[in-house]
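Positions 1 to 69 (our numbering) are the ones given, in order, by the sequence shown. In this text, a Cβ means the ideal position worked out from N, Cα and C, and glycines have one as well. Have a look at the structure below, then the notes.
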Amino acid sequence: LYKLRYGFPLTLLTALKSGFNKRSIRYCLNTISGYLKAKKEKTEPFVSLSEGQFIRQLRWRGVRKSLGL
1 LYKLRYGFPL TLLTALKSGF NKRSIRYCLN TISGYLKAKK EKTEPFVSLS
51 EGQFIRQLRW RGVRKSLGL
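Set out below in structure tokens:
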């Protein structure tokens, strides 16, 4: 998720949802720790800054739609 430039809030929401769907708190924690590790090591992202901004906007739009906002 770091390589897709999700940002921490979206990564947290995605990890919580995936962990809930898989019924695995370990999966959730591994996802979050993987994001933090990649950020600490300054891993090179797959997408450009503008692509990352587009991805975040798209994902947040989906979150708001799911919540009915």
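C-beta contact flag for Ile55 and Val63 at 8 angstroms = No, they are not a contact pair.
Check whether the Cβ atoms of Lys3 and Pro45 sit closer than 8 angstroms, and answer yes or no.
-> yes
Where Arg23 falls, given that 16 or more other Cβ within 10 Å makes a residue buried = exposed
Nearest-angstrom Cα separation, counted from Lys65 out to Lys42 | Cα to Cα, the separation comes out at about 32 angstroms.
Along the alpha helix (DSSP H) that carries Val63, what are the first and last residues, could you check?
-> In the DSSP assignment, Val63 falls within the alpha helix (DSSP H) that extends over 49-67.
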